[in-house]
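All remarks here apply to the structure that follows.
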Amino acid sequence: MSENYSTGIAGLDAILGELEPGSIMLLTGPPKAGKTVLATEFTYRALQAGNPCLFIAAEYGYRDLQRNTMAFNWFIQSFADKLHVIDLPTGLAGGRPQDSGNVRYSALQNTTDLMVKVGISTRSLYLEEGTMVSVFDSASILLAFNPPKLVMRVLKAYNDRVREAGGIALVVYTEGVAEKDIEDEIPGLFDVHIHMDGSVMSAVRGGEGMEAP
Amino acid sequence: MKKTYIPKLDDLLGGGVKEGASIMFSASPGVDYEAFGYQMLNGRLEEGSAGFIFTNVGEPESIIYEFRSYGWDIESRIENGNVFFVDGSSPFLGMPSDQRYTVNDYSEIKDVVLRAIDDIPGGVGVINNLSVIIDYLGNGETLEIVEAWNRRASELEVNLVYLFTEWDYEQELIDRIRETMDCVVDLRTIEERVIIGQGFMVANSAWSEPPSTMVLFFVVQPGGVKVYVPKILVTGPYNSGKSSFVRAIATKSVSVDRKALSAFPTTIAMDIGHLEYKGFMADIFGTPGQERFDMILDVLSREAVGAFILVDSTAPETFARAKEMIRKTRAEAIPKVVVANKQDLPGALSPEEIREKMKLGAEVPIVPASVTEGWGIMEALDTLLGLLYGG
Chain A
1 MSENYSTGIA
11 GLDAILGELE
21 PGSIMLLTGP
31 PKAGKTVLAT
41 EFTYRALQAG
51 NPCLFIAAEY
61 GYRDLQRNTM
71 AFNWFIQSFA
81 DKLHVIDLPT
91 GLAGGRPQDS
101 GNVRYSALQN
111 TTDLMVKVGI
121 STRSLYLEEG
131 TMVSVFDSAS
141 ILLAFNPPKL
151 VMRVLKAYND
161 RVREAGGIAL
171 VVYTEGVAEK
181 DIEDEIPGLF
191 DVHIHMDGSV
201 MSAVRGGEGM
211 EAP
Chain B
214 MKKTYIPKLD
224 DLLGGGVKEG
234 ASIMFSASPG
244 VDYEAFGYQM
254 LNGRLEEGSA
264 GFIFTNVGEP
274 ESIIYEFRSY
284 GWDIESRIEN
294 GNVFFVDGSS
304 PFLGMPSDQR
314 YTVNDYSEIK
324 DVVLRAIDDI
334 PGGVGVINNL
344 SVIIDYLGNG
354 ETLEIVEAWN
364 RRASELEVNL
374 VYLFTEWDYE
384 QELIDRIRET
394 MDCVVDLRTI
404 EERVIIGQGF
414 MVANSAWSEP
424 PSTMVLFFVV
434 QPGGVKVYVP
444 KILVTGPYNS
454 GKSSFVRAIA
464 TKSVSVDRKA
474 LSAFPTTIAM
484 DIGHLEYKGF
494 MADIFGTPGQ
504 ERFDMILDVL
514 SREAVGAFIL
524 VDSTAPETFA
534 RAKEMIRKTR
544 AEAIPKVVVA
554 NKQDLPGALS
564 PEEIREKMKL
574 GAEVPIVPAS
584 VTEGWGIMEA
594 LDTLLGLLYG
604 G
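First to last, the protein sequences are chains A and B. Numbering of the first sequence is given in the working numbering, commencing with residue 1 and proceeding in unit increments. Numbering of the second sequence is given in the working numbering, commencing with residue 214 and proceeding in unit increments.
Have a look at this one:
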């Protein structure tokens, strides 16, 4: 991404300002704070603005993502050529979905395979478009299937891949999933930390905090 | 010696792996490496050996599905009892497991895998994945367990194949793990901003002295691990010296030249060369420089992993065309070196003047050269290989 980036979400842009290419954001909050809605709107606005997007669906599958966005009249299906999805939970149900087009299936407990697929997608988006946006919803679900240290390693590797491709990423994390020491460590991996508590959204970037109702 | 069934790897190891030796495929995050372990197991099963797969990255059903997608029949061999799973995955997903061995808790892992090794004398066991074991058990305990497995495997002439992802572990830990293995094969990404390819190289082997050759590979379904000889592109405007350059760096080369109506020979189709240098093999393709052949540039440049852009240092009016050819051959996205040719001629611009006129970023090396006088050529080759393989 050669130019600075605006998310297209008025409330978020008001507190974030413009993001530099390679900015990796963490979005935290308690359950039901609206993190997934914000993450899907972030995806939709990116696609609408013509940016390709890599969406890692960890908490729900690709079909649920389509359904969730449709409820808001955001038809991500119409951006099929710009949207790459890595679907982690669908295989758990016992089915063996075939990779098709821009949708790849992996497994929540196979972090190595996940990184292979992240690499394939960042490469093809970078080569085709020279720019990308990525959303990881959510990192907390990985913690249910993997040792916390491994999840930290995966997040670092994921951030590196997005930064290399000059992309912008938003990683969702639900508070209270990991032990406190891991939870304290997670924000250190990110450039911007956005927090939602249901009524107030705040952000910290480079040590400076901003708040919006 | 036992074959690995990975193309080229047996050659690099002097015929294969020694009976009872351990081998670790150590991969950077992002390298497609599971197929290495599974391909080795599949080959050995076809020979009639017994085997097992320890898994903590996917339940056995998923792995059977993977084998099927590679075109390898593991199901009938499971039915015959030639191969079985040590399931360290299903219990952690809350799923029942009916495998011969199940790891319900990581405290059991050492003994359960030892029993599995006892069941397959002369066979092969795949451990997928060592890194997850480290992150569950911690460094010291994992090392002690791996040493115990390797000792038992060696006694029973079982080859243990470890799949290991080199996440951001401390170097000391990585070194100690590597020391416990009889053979380590590194699987690396080749990057130019993003991953553009993958290669393997034998880092060490207890029974042979492997050459430091990086073998590029890709994994296909069906098929498994396939090696490919990379393609290096030589492009640039008309009369910049591409054909001479290909001839100069290639051990063998063919040029499709024709003396057209004028006295100036020019390449009307392409130059093809083969290069063997510092353990690295590549095919070289030189593109024609004239615009009327641009329609074939796309075909010629497909699958290229690196490019030389030849420019005539005395002809700045051709630099725009050189930039255009970088774009048309997709060389923007792959490692590339600009060869500032004809430096021996009067009026030649310096590499920095060329950089300024072509508006090239500092990340693109410009190597001064005179192909006719024979200098700068190997420097250009070393520079490109350095970009490709960090050497």
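Backbone N, C-alpha and C fix where the C-beta goes; we use that ideal spot for every residue, glycine too.
Collapsed DSSP secondary structure at Asp318(B) in the structure displayed: Walking along the second sequence from the start, residue 318(B) turns up at place 105. It is coil, neither helix nor strand.
Closest by C-alpha distance to Asp311(B), when choosing among Asp324(B), Phe297(B), Asp507(B): The residue labelled residue 311(B) in the question sits at position 98 within the second sequence. In this structure, Phe297(B) is the residue among Asp324(B), Phe297(B), Asp507(B) with its C-alpha nearest to the C-alpha of Asp311(B).
Any C-beta of chain B under 8 Å from that of Gln48(A): Looking up residue 48(A) in the first sequence gives position 48. False, the Cβ-Cβ gap to chain B never drops below 8 Å.
Cβ-Cβ distance between Gly271(B) and Ser239(B) below 8 Å: Residue numbering aside, residue 271(B) sits at position 58 when the second sequence is read from its first letter. Residue numbering aside, residue 239(B) sits at position 26 when the second sequence is read from its first letter. Not closer than 8 Å, so no.
Three-state class that DSSP yields for Val118(A) in the structure shown: For the purposes of this step, residue 118(A) is taken as residue 118 along the first sequence, with counting starting at 1. In the three-state reduction of the DSSP assignment, Val118(A) falls in the helix class.
Residue of Val447(B), Tyr251(B), Val398(B) minimising C-alpha distance to Ile462(B): For the purposes of this step, residue 462(B) is identified with residue 249 of the second sequence, where counting begins at 1. Ile462(B) has its Cα closest to that of Val447(B), out of Val447(B), Tyr251(B), Val398(B).
Test: Glu164(A) CB closer than 8 Å to a CB of chain B: Walking along the first sequence from the start, residue 164(A) turns up at place 164. For Glu164(A), the answer is yes, since a Cβ of chain B falls inside 8 Å of its Cβ.
Host alpha helix (DSSP H) of Gln384(B) (start-end): For the purposes of this step, residue 384(B) is taken as the residue at position 171 of the second sequence. Counting along the chain, Gln384(B) sits inside the alpha helix (DSSP H) bounded by residues 384–392.
For Ser134(A) and Val162(A), believed in contact at Cβ under 8 Å, the rounded distance: In the first sequence, residue 162(A) corresponds to position 162, counting from 1. In the first sequence, residue 134(A) corresponds to position 134, counting from 1. Indeed they touch by this definition, with Cβ atoms about 5 Å apart.
Helix, strand or coil at Phe42(A) according to DSSP, with G and I counted as helix: Here residue 42(A) corresponds to residue number 42 of the first sequence, with the count starting at 1. Reduced to three states, the DSSP call for Phe42(A) is helix.
Contact list for Gly8(A) against chain B, beta-carbon separation under 7 Å: Here residue 8(A) corresponds to residue number 8 of the first sequence, with the count starting at 1. Those within 7 Å of Gly8(A) in chain B number zero; the least Cβ separation is about 25 Å.
Stretch-stretch touch, CB-based, cutoff 8 Å, three pairs: the segment 63–82 of chain A with the segment 140–160 of chain A: Under the Cβ criterion (8 Å, minimum of three pairs), the segment 63–82 of chain A does not count as touching the segment 140–160 of chain A.
Beta carbon proximity, Asn110(A) to chain B, threshold 8 Å: Along the first sequence, read from residue 1 onward, the residue named residue 110(A) stands at position 110. Asn110(A) has a beta carbon lying within less than 8 Å of a beta carbon in chain B.
Coil, strand or helix - Met201(A) by DSSP: Taking the first sequence and counting its residues from 1, the one referred to as residue 201(A) is at position 201. DSSP places Met201(A) in strand when its eight states are reduced to three.
Start-to-end residues for the alpha helix (DSSP H) that takes in Tyr173(A): Walking along the first sequence from the start, residue 173(A) turns up at place 173. Run containing Tyr173(A): none in the alpha helix (DSSP H); it sits in the beta strand (DSSP E), 168–174.
Test item: CB-CB of Leu27(A) and Leu38(A) under 8 Å: Within the first sequence, the letter at position 27 stands for residue 27(A). Within the first sequence, the letter at position 38 stands for residue 38(A). It is a contact, given that the beta carbons lie within the stated cut-off.
Residue burial classification, Ala228(A) (beta-carbon count within 10 angstroms, cutoff 16): Absent from the model: residue 228(A). The displayed extent of chain A is 1 to 213, so no value can be given.
Spatial neighbours of Glu566(B) in its chain, beta-carbon cut-off 6 Å, leaving aside the 5 residues before and after: Here residue 566(B) corresponds to residue number 353 of the second sequence, with the count starting at 1. Contacts found: none.
8 Å Cβ cut-off: residues of chain B touching Leu92(A): Translated into the one-based positions of the first sequence, residue 92(A) becomes position 92. The answer, in chain order, is Leu306.
Any 3 or more C-beta pairs closer than 8 Å across the segment 20–36 of chain A and the segment 173–186 of chain A: They touch, by the three-pair rule.
From Asp245(B), Ser235(B), Ala582(B), residue whose alpha carbon lies closest to that of Gly454(B): Here residue 454(B) refers to the residue found at position 241 when the second sequence is read from its first residue. Measuring from the Cα of Gly454(B), the nearest candidate turns out to be Ala582(B).
Under 9 Å from the C-beta of Ile358(B): neighbouring residues of chain A: Mapped onto the second sequence, residue 358(B) falls at position 145. For Ile358(B), no chain A residue has a Cβ inside 9 Å of its Cβ, as the nearest lies near 16 Å away.
CB contact check: Arg104(A) to chain B, cutoff 8 Å: Taking the first residue of the first sequence as position 1, residue 104(A) is located at position 104. At a cut-off of 8 Å between beta-carbon atoms, Arg104(A) makes no contact with chain B.
Contact residues within the segment 399–411 of chain B, judged by C-beta distance below 8 Å to chain A: Listed by position along the chain: Thr402, Glu404, Arg406, Val407, Ile408, Ile409.
Alpha-carbon to alpha-carbon, Gly412(B) and Leu400(B): Here residue 400(B) corresponds to residue number 187 of the second sequence, with the count starting at 1. Here residue 412(B) corresponds to residue number 199 of the second sequence, with the count starting at 1. Distance between the alpha carbons of Leu400(B) and Gly412(B): 6 Å.
Beta-carbon spacing of Asp181(A), Gly29(A) below 8 Å: Numbered from its first residue, the first sequence carries residue 181(A) at position 181. Numbered from its first residue, the first sequence carries residue 29(A) at position 29. Taking the C-beta atoms as reference points, Gly29(A) is found no nearer than 8 Å to Asp181(A).
Met308(B) burial status per 10 Å Cβ neighbour count (16 or more: buried): Counted from its first residue, the second sequence places residue 308(B) at position 95. So Met308(B) counts as exposed.
Length of the line joining the Cα atoms of Ile141(A) and Pro89(A): The residue you call residue 141(A) lines up with position 141 of the first sequence. The residue you call residue 89(A) lines up with position 89 of the first sequence. Spanning the alpha carbons of Ile141(A) and Pro89(A) requires a straight line of approximately 10 Å.
Option nearest Gly502(B) by Cα separation, candidates Ile539(B), Leu601(B), Asp286(B): Residue 502(B) sits at position 289 when you count from the first residue of the second sequence. Checking every option, the nearest Cα to that of Gly502(B) belongs to Ile539(B).
Bounding residues of the alpha helix (DSSP H) (the contiguous stretch that carries Val154(A)): Here residue 154(A) refers to the residue found at position 154 when the first sequence is read from its first residue. Annotation: the continuous alpha helix (DSSP H) that includes Val154(A) extends over 148–164.
Under 8 Å by beta carbon: chain B residues contacting Thr122(A): Locating residue 122(A) in the first sequence gives position 122, counting from the first residue. Result: Val407, Ile408.
C-beta neighbour in chain A for Pro242(B), strict 8 Å: As a working mapping, residue 242(B) is identified with position 29 in the second sequence. Answer yes: the Cβ-Cβ gap between Pro242(B) and chain A drops below 8 Å somewhere.
Within chain B, partners of Arg153(A) - CB distance below 9 Å: Locating residue 153(A) in the first sequence gives position 153, counting from the first residue. Chain B residues near Arg153(A): Pro242, Ser344, Asp348, Thr378, Trp380, Asp381, Tyr382.
Closer than 8 Å to chain B by CB, Pro31(A): Position 31 of the first sequence holds residue 31(A). Not an interface residue.
Pair within 8 Å by beta-carbon distance, Asn159(A) and Ile24(A): Residue mapping note: residue 159(A) aligns to position 159 of the first sequence, counting from 1. Residue mapping note: residue 24(A) aligns to position 24 of the first sequence, counting from 1. Cβ atoms of Asn159(A) and Ile24(A): closer than 8 Å.
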